[in-house]
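Asks: Structure below; questions to follow.
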Amino acid sequence: MSPQHGTRSSAHGGGRPRRQERHERTRPRPDRELPLVNREDLRADCSSCFGLCCVALPFARSADFARDKPAGRACGHLRDDFGCGIHARLREEGYRGCTVFDCFGAGQKVSQVTFGGTDWRRDPESASAMFAVFPVMRQLHELLAYTAEALELPAARPVHRELRRALARIEKLTRGDAASVAALDVNALRGEVNPLLLRAGELTRAARVPGRRKDHRGADLMGARLSGAALRGASLRGALLVGADLRGADLRDADLIGADLRGADLSGADLTGALFLTQAQLNAARGDAATTLPPSLDRPAHWAPEKSAGGVVDA
């Protein structure tokens with residue numbers, strides 16, 4: 010809701026308009042209000058989910074998954090309580106892909122909100138609809154997470170109002186019924202939101218790192234030797250960094266939205282202030298105790314506990 014400055018003084022007489030104007034000047038501006046979503050709700054809570062990622066999504070036998078599994082069939086390791094029977098041994102059992110997946114809280118939203126806490130085992134007729142909604146909801150929650158982060162960037166204030174509108178719209182869509190969520194064109198929605206996120210990142214990088222900044226947006230840097238690279242404030246949006254050597258690289262304030270960091274070596278790298286970096290990206294990469302992370306993200310358990318000699322990590 011936008012304050013209508015200057016309109017009330019003509020509607021009231023005497024000294025009252027000035028008191029009203031003072032009140033309106035202290036009313037929070039739309040771009041300074043609190044976010045419409047709680048960031049904690051965008052973190053996976055497996056205890057409130059019906060194991061949807063273990064059922065709804067397909068697995069293809071590869072280095073990430075020990076065997077094939079079609080969409081809609083429960084993984085053989087899914088327990089009756091929807092927990093994972095090999096959670097503590099996923100990597101050792103050949104399910105590395107499970108350790109890097111992040112639903113951004115979509116699992117509990119579908120389980121507890123869209124379907125009101127009734128699981129697909131108790132209501133088999135709801136199973137196909139639930140499994141169709143989950144991957145769409147996951148994409149919506151990912152967009153919510155990026156948009157909420159952009160709203161916390163002070164330098165992005167010029168686009169905060171549009172971001173808040175986008176956030177409100179996406180959040181409303183996540184609360185639709187199963188049929189409406191499943192029918193959403195998420196790619197079209199991304200096309201509307203991505204320019205706002207791009208602008209938020211550009212404004213923030215320009216404020217934090219004045220001057221010329223490297224642009225590797227969408228670049229193919231697979232296996233690139235970037236050890237010690239000066240990439241502060243760089244755009245690495247959508248860059249292919251699979252297996253890249255980023256040991257000791259300066260990635261402060263870099264925009265990493267959509268960057269593929271699978272197997273990338275981040276040992277000793279500095280990711281302070283990195284923009285739109287997700288836990289899933291870190292989980293897919295390698296690192297060590299010397300890797301500096303944003304405070305909102307956790308150091309993956311499989312990373313080397315100490316800095317390895319020569320920066321080489323045994324993962």
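Each number in our numbering corresponds to the 1-based position in the sequence shown with 9 added.
Cβ coordinates follow ideal geometry from the N, Cα and C atoms, glycine included.
Just so we're clear, the structure is a prediction, and the values are computed from it rather than from any experiment.
#1: By DSSP, does S377 sit in helix, in strand, or in coil?
#2: With a threshold of 6 Å on Cβ separation, who are the neighbours of L206 within its own chain once the five nearest residues in sequence on each side are excluded?
#3: Please go through the stretch 161 to 212 and give each complete alpha helix (DSSP H) segment of 4 or more residues, from N-terminal end onward.
#4: If you count every other CB in all the chains shown that lies within 10 Å of the CB of R127, and 16 or more means buried, which is it?
#5: Does DSSP put R214 in a helix, a strand or coil?
#6: Just the Cα atoms here: how many angstroms apart are L193 and C107?
#7: What residue does the alpha helix (DSSP H) around E134 start on, and which one ends it?
#8: Just to confirm, are G64 and R76 a CB contact at a threshold of 9 Å?
#9: Note the first and the last residue of the continuous alpha helix (DSSP H) segment covering C107.
#10: Take the Cβ of T35 as the centre, count every other Cβ of all protein chains shown within 10 Å, and call the residue buried at 16 or more, exposed below.
#11: In the structure shown, what three-state DSSP assignment does R295 receive?
#12: My output table needs one value for D229: the three-state DSSP class, helix, strand or coil.
#13: Flag this pair as yes or no: are the beta carbons of Q288 and A268 separated by less than 9 Å?
#14: Under 7 Å Cβ to Cβ from K78, same chain only, skipping five residues before and after it: list those, please.
#15: Thinking C-alpha only, which one of P219, G247, R217 and G257 is nearest L235?
#16: Can you give me the C-alpha to C-alpha distance between L260 and A72, rounded to a whole angstrom?
#17: Using a threshold of 9 Å, state whether the C-beta atoms of G103 and R52 are closer than that.
#18: Can you check whether the CB of S57 is closer than 9 Å to the CB of G116?
Replies: By the coordinates alone:
#1: The shown model of the chain, from 10 to 324, leaves out residue 377, and the question about it has no answer.
#2: Y155 and A159
#3: 169 to 183 and 187 to 191
#4: With the sequence shown as reference, residue 127 is identified as Thr, and Arg is not the correct amino acid for it. Exposed: under 16 other Cβ atoms inside 10 Å.
#5: helix
#6: 26 Å
#7: Neither: E134 is in no alpha helix (DSSP H) and is coded neither H nor E.
#8: As written in the sequence, residue 64 is Val, which differs from the Gly given in the question. It is not a contact, given that the beta carbons lie outside the stated cut-off.
#9: R105 to T108
#10: A caution first: T35 carries a pLDDT of 38, below 50, which makes its placement in the model unreliable, though a value can still be read off. Under this definition T35 is an exposed residue.
#11: strand
#12: strand
#13: no
#14: P67, F68 and C84
#15: G257
#16: 28 Å
#17: no
#18: yes
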